[in-house]
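Anchor point for the sequence shown: position 154 equals 154 in this note's numbering, and the numbering is continuous, going up by one each time. Each residue gets a CB set at the ideal place from its N, CA and C atoms; glycine is no exception.
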Amino acid sequence: MYRAARFASSKETRDWSPGRKIMRIVGAGSAFPRNYYPQEVLLAALREYWKDSLPNPRILDQLHANAGVDGRYLVLPLQCYYDLNTFGQSNRVWIEAAQELGEQAICRALAPTGLKPEQIGALFFVSVTGVASPSIDARLVNRMKLSPNIRRTPIFGLGCVAGAAGVARAADYVRAYPEQVAVLLSVELCSLTLQKDDLTIANLISSGLFGDGAAAVVVAGAEVDLPGPQILATRSVFYPDTEDVMGWDISEKGFRIVLSREVPDVVRRHLGEDVDTLLAEHGFKRSDLGSFVLHTGGPKVLEAAEDALGLHNGEAKVSWDCLRRMGNLSSASVLMVLEEVFMRRRPAPGTLGVMAALGPGFCSEVVLLRW
Numbered sequence: 001m002y003r004a005a006r007f008a009s010s011k012e013t014r015d016w017s018p019g020r021k022i023m024r025i026v027g028a029g030s031a032f033p034r035n036y037y038p039q040e041v042l043l044a045a046l047r048e049y050w051k052d053s054l055p056n057p058r059i060l061d062q063l064h065a066n067a068g069v070d071g072r073y074l075v076l077p078l079q080c081y082y083d084l085n086t087f088g089q090s091n092r093v094w095i096e097a098a099q100e101l102g103e104q105a106i107c108r109a110l111a112p113t114g115l116k117p118e119q120i121g122a123l124f125f126v127s128v129t130g131v132a133s134p135s136i137d138a139r140l141v142n143r144m145k146l147s148p149n150i151r152r153t154p155i156f157g158l159g160c161v162a163g164a165a166g167v168a169r170a171a172d173y174v175r176a177y178p179e180q181v182a183v184l185l186s187v188e189l190c191s192l193t194l195q196k197d198d199l200t201i202a203n204l205i206s207s208g209l210f211g212d213g214a215a216a217v218v219v220a221g222a223e224v225d226l227p228g229p230q231i232l233a234t235r236s237v238f239y240p241d242t243e244d245v246m247g248w249d250i251s252e253k254g255f256r257i258v259l260s261r262e263v264p265d266v267v268r269r270h271l272g273e274d275v276d277t278l279l280a281e282h283g284f285k286r287s288d289l290g291s292f293v294l295h296t297g298g299p300k301v302l303e304a305a306e307d308a309l310g311l312h313n314g315e316a317k318v319s320w321d322c323l324r325r326m327g328n329l330s331s332a333s334v335l336m337v338l339e340e341v342f343m344r345r346r347p348a349p350g351t352l353g354v355m356a357a358l359g360p361g362f363c364s365e366v367v368l369l370r371w
């Protein structure tokens, strides 16, 4: 049954013609908190906060300098973080801000399409920096007057891979309902997860890398007459026995980062094969690609992705630019890169491209696009 399903998918994807309509990305938008701080301001604040605890303060300076980040958005003014002493306090901030930023991102993604919020058929919500029940998507139904018949799918735990995975799941939905549009929303407020008493290298790296923001993508079915890059195929790959590579240790104090130094090595070992396999299944090879939307995991992760895919001529420049401007936004990162390409750096019509992200599991998600 598995082979038959894969064969049918491959045959369907290969059967392209210029007039054939398939799933498309028709809108992308982002939203950020009001507070933006240069990296040196954030470093100075952390250096002051941890001054009596750090065994070697130079380590913090070095980690921030190596992050490749010029500045980051924070959901709260810098001084307010000192008042957050419990997970409950931080999570309440996340719930309120996620609704505000989520609404803004969805409206901005819908704007160029001419669609109204009540026309959304399905809403996928991804995040790994807070929890809520009713979930944020449910609260947005009330806040934005979305259709009471909207199909909602809140997803927690996929981490950085959830941006690409969410696009893939939205494409799955509109494949089944070709007359509808689905929206993927990611809200990540990483600053609320920073553990003040955690002096591990993983937490110190996070303090210089992760930021806050929201992103939304609109995916339309074949019967929706809107322009945008086609979603030709998707591929999900889980790497067995890699649970310890990345994730959270969740306790009464909140989210404590798990970030292994093995992450770049895992990317180098697997990402190229993952992309090549997807391409081969649909009659392509890597040299056919002309566009790359890659998750901004950090300098070492981006370098590993470039090595894995043989990119050495600036093909990942958009990802590097997004990392520099706003840091790593977990699941929202790859969607920020997608928005930048979609709105301002769109490839020539017909260009074949991939969107790729990796995250806890450890796993990857690859989306094959034709611009």
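Taking residue i as the reference, which of the options has the closest Cα?
i, options, result
"Met-355", "Gly-163, Tyr-49 and Leu-115", "Gly-163"
"Thr-242", "Val-41, Phe-87 and Pro-360", "Pro-360"
"Gly-208", "Leu-294, Ala-305 and Ala-65", "Ala-65"
"Ala-111", "Glu-273, Arg-325, Met-343 and Ser-90", "Met-343"
"Cys-190", "Asp-321, Gly-254 and His-282", "Gly-254"
"Gly-211", "Tyr-49, Leu-329 and Glu-315", "Leu-329"
"Gly-71", "Gly-102, Glu-48, Ile-106 and Asn-35", "Asn-35"
"Pro-117", "Pro-227, Pro-134, Ser-127 and Leu-140", "Leu-140"
"Val-161", "Trp-371, Arg-370, Phe-362 and Ala-280", "Phe-362"
"Trp-94", "Arg-108, Val-75, Ala-105 and Ala-109", "Val-75"
"Gly-221", "Pro-148, Ser-319 and Val-167", "Val-167"
"Phe-32", "Tyr-73, Ile-59, Pro-77 and Tyr-49", "Tyr-73"
"Pro-77", "Pro-38, Ile-150 and Gly-88", "Pro-38"
"Ser-127", "Gln-104, Ala-171, Thr-153 and Ser-319", "Thr-153"
"Asp-265", "Ser-236, Ala-308 and Pro-134", "Ala-308"
"Gln-384", "Glu-103, Pro-227, Asn-142 and Glu-252", "The question about residue 384 has no answer here: the residues shown for the chain are numbered 1 through 371."
"Ser-30", "Arg-108, Glu-96 and Lys-51", "Arg-108"
"Val-129", "Arg-151, Ile-155 and Asn-142", "Here residue 129 turns out to be Thr, not Val, going by the sequence shown. Among Arg-151, Ile-155 and Asn-142, the Cα nearest to that of Thr-129 belongs to Ile-155."
"Lys-285", "Ala-304, Glu-96, Leu-368 and Glu-223", "Leu-368"
"Val-131", "Met-246, Ser-319, Glu-281 and Thr-193", "Thr-193"
Taking its Cβ as the centre, do 16 or more other Cβ atoms sit within 10 Å of residue i, making it buried, or is it exposed?
i, result
"Ile-136", "buried"
"Pro-229", "buried"
"Ile-201", "exposed"
"Tyr-82", "exposed"
"His-312", "exposed"
"Phe-125", "buried"
"Thr-277", "exposed"
"Gln-79", "exposed"
"Ser-53", "exposed"
"Asp-225", "exposed"
"Ile-25", "buried"
"Asn-91", "buried"
"Ser-287", "exposed"
"Thr-86", "exposed"
"Gln-99", "buried"
"Phe-381", "Since the displayed the chain opens at 1 and closes at 371, residue 381 lies outside it and no answer follows."
"Arg-261", "exposed"
"Arg-269", "exposed"
"Ile-250", "exposed"
"Glu-48", "exposed"
"Glu-365", "buried"
"Val-41", "exposed"
"Arg-58", "exposed"
"Ser-333", "buried"
"Arg-345", "exposed"
"Gly-327", "buried"
"Ser-373", "This structure cannot settle anything about residue 373, because the visible part of the chain is limited to 1 through 371."
Let me know the secondary structure DSSP gives residue i once reduced to three states.
i, result
"Asp-288", "helix"
"Tyr-82", "helix"
"Ala-348", "coil"
"Ala-214", "strand"
"Pro-229", "coil"
"Ser-260", "coil"
"Gly-88", "helix"
"Ile-250", "strand"
"Gly-342", "One detail in the question is off: residue 342 reads as Phe in this sequence, not Gly. Note: Phe-342 maps to helix in three-state DSSP."
"Asn-313", "coil"
"Leu-294", "strand"
"Ser-17", "Residue confidence for Ser-17 is low, a pLDDT of 41 falling below 50, so the modelled location carries little weight and cannot support an answer."
"Pro-299", "helix"
"Ala-44", "helix"
"Met-23", "coil"
"Ala-305", "helix"
"Ala-369", "For the record, residue 369 in the displayed sequence is Leu; it is not Ala. Strand at Leu-369."
"Gly-283", "coil"
"Glu-273", "helix"
"Gly-359", "strand"
"Tyr-173", "helix"
"Thr-242", "coil"
Query - the segment 183–196 contacting the segment 206–220, beta-carbon criterion three pairs below 8 Å - result: yes
Query raised in the report: What residue ranges within the segment 97–169 form continuous beta strand (DSSP E) runs of no fewer than 3 residues, ordered along the chain?
Result: 120–127 and 151–156
Query raised in the report: Looking at C-beta atoms only, is the number of pairs between the segment 58–72 and the segment 292–311 that lie closer than 8 Å three or more?
Result: yes
Report task. Would you check if the segment 324–341 and the segment 256–276 touch, i.e. whether three or more CB-CB distances between them fall below 8 Å? Result -> no
Query raised in the report: Going along the chain, which unbroken runs of the beta strand (DSSP E) with 3 or more residues stay wholly within the segment 48–83?
Result: 71–74
Requested in this report: Could you tell me whether the segment 191–198 touches the segment 168–182, using the rule of 3 or more Cβ pairs below 8 Å?
Outcome: no
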